[in-house]
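I have placed the structure first, in the form of structure tokens, so that the comments after it can refer back to it.
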Amino acid sequence: MVPLGHYLFLSAVLFAVGTVGVFLRRNVITVLLSIEVMLNAVNLAFIAFGRFQGSVHGQVIMFFVVTVAAAEAAVGLALAIALFRHRESLNPDAFTSLKW
Amino acid sequence: MLLFLLAAAVAVAASLAVVLGRNPMHSVLLLIVSFAALAALYIGLDAPFAAVVQIIIYAGAIMVLFLFVVMLLNAHREDEGTGGAALGGRPLAAGAALAIVLAAELAWAVLRTRRAGGSWMGAGPESDGTALQSVRTLGGVLYSEYSLAFEVTSLLIIVAMVGAVVLARRES
């Protein structure tokens, strides 16, 4: 059986990769995708902890994270569409004013 | 162990490609690969139902939503002008440095816990995982102990749905 530390390392690496995406990408959709990568890293940590504690709670929390991710994706993509309609761009640097 | 290494390598490689790729369409498709690798890991962790949810809900529903928006906005021509990994210079360096610091910090936290007597980190689980595989147990916990959170989640979904419709609506 793979030890817990391995899963946590993998989770940390995936989370850092997602963070790189959020910082570096200049496209709203790719930023949202990077957030999904980060959420998945956290899911992996939850499930690994649950398995090694012998409890089912890790999996339950993973379901809630998936639900929240779905809501986040829906609202985020709606925002992306609305922003694109106004500015004809997906670059976050194009959206610097609060009202236009 | 072999399954773990294979799935971990695929997940990290696919996630890196998602983050570094120029074409959002490729990013979305590669993210599905990454999700499949994570689903394999969940099976290794005695969570088959979580693996199925990962594939059906995440790769199936949420990623189709992303793909739909990428196609709708015709976003392959992203990253022009000021954009992309062509960003260069100071912002790129700052972002990369922050991410490396974060990765180092997380790895340090894991290592430190292991050294500080957390021998459970290096060992396998004590219990047999077959009890965790049961969807019946999972449902029991979800609908009893977590029933309030479950109901609140449905409220969240409704709010998100209404919000998405309002935001994406064309103003007339």
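Chains as they are written, first to last, in my numbering: chain A, 11 to 110; chain L, 13 to 184. For each residue, glycine too, the CB sits at the ideal point set by N, CA and C.
To the nearest whole angstrom, what separates the beta carbons of V27/A and L100/A, a pair I think is in contact under 8 Å? Going by Cβ atoms, the distance from V27/A to L100/A rounds to 21 Å, so no, they are not a contact pair.
Pull up the distance between the alpha-carbon of S166/L and that of M48/A, whole angstroms please. Between S166/L and M48/A, the C-alpha separation is close to 23 Å.
Taking just the CA atoms, how far does S107/A sit from G93/L? Here G93/L scores only 45 on pLDDT, less than 50, and its place in the model is too uncertain to base an answer on.
Under 8 Å between beta-carbons, which chain A residues line up against Y155/L? List them in chain order, please. What Y155/L touches in chain A: nothing, since even the nearest Cβ is about 10 Å away.
Would you grab the beta carbon distance between V24/L and V66/A for me? Rounded to a whole angstrom, and I think it's under 8 Å. Wrong, their Cβ atoms sit about 27 Å apart, outside the cutoff.
Indicate whether L150/L and Q69/A have their beta-carbon atoms separated by less than 7 Å. yes
What is the rounded straight-line gap between the Cα of F162/L and the Cα of I91/A? Going from the Cα of F162/L to the Cα of I91/A covers about 29 Å.
Between which residues of its own chain and L26/L is the CB-CB distance below 6 Å, once the five residues before and five after are set aside? Reading off the sequence shown, one finds Ala at residue 26/L, where the question assumed Leu. Only L42, V45, S46 meet the Cβ criterion.
Just checking: is the beta-carbon of I69/L within a distance shorter than 7 Å of some beta-carbon in chain A? yes
So is P60/L in contact with chain A if we call contact Cβ pairs under 7 Å? no
Apply the 10 Å Cβ neighbour rule to L54/A and answer buried if 16 or more other Cβ atoms are within range, or exposed otherwise. By the neighbour-count definition (other C-beta atoms within 10 Å, threshold 16), L54/A is a buried residue.
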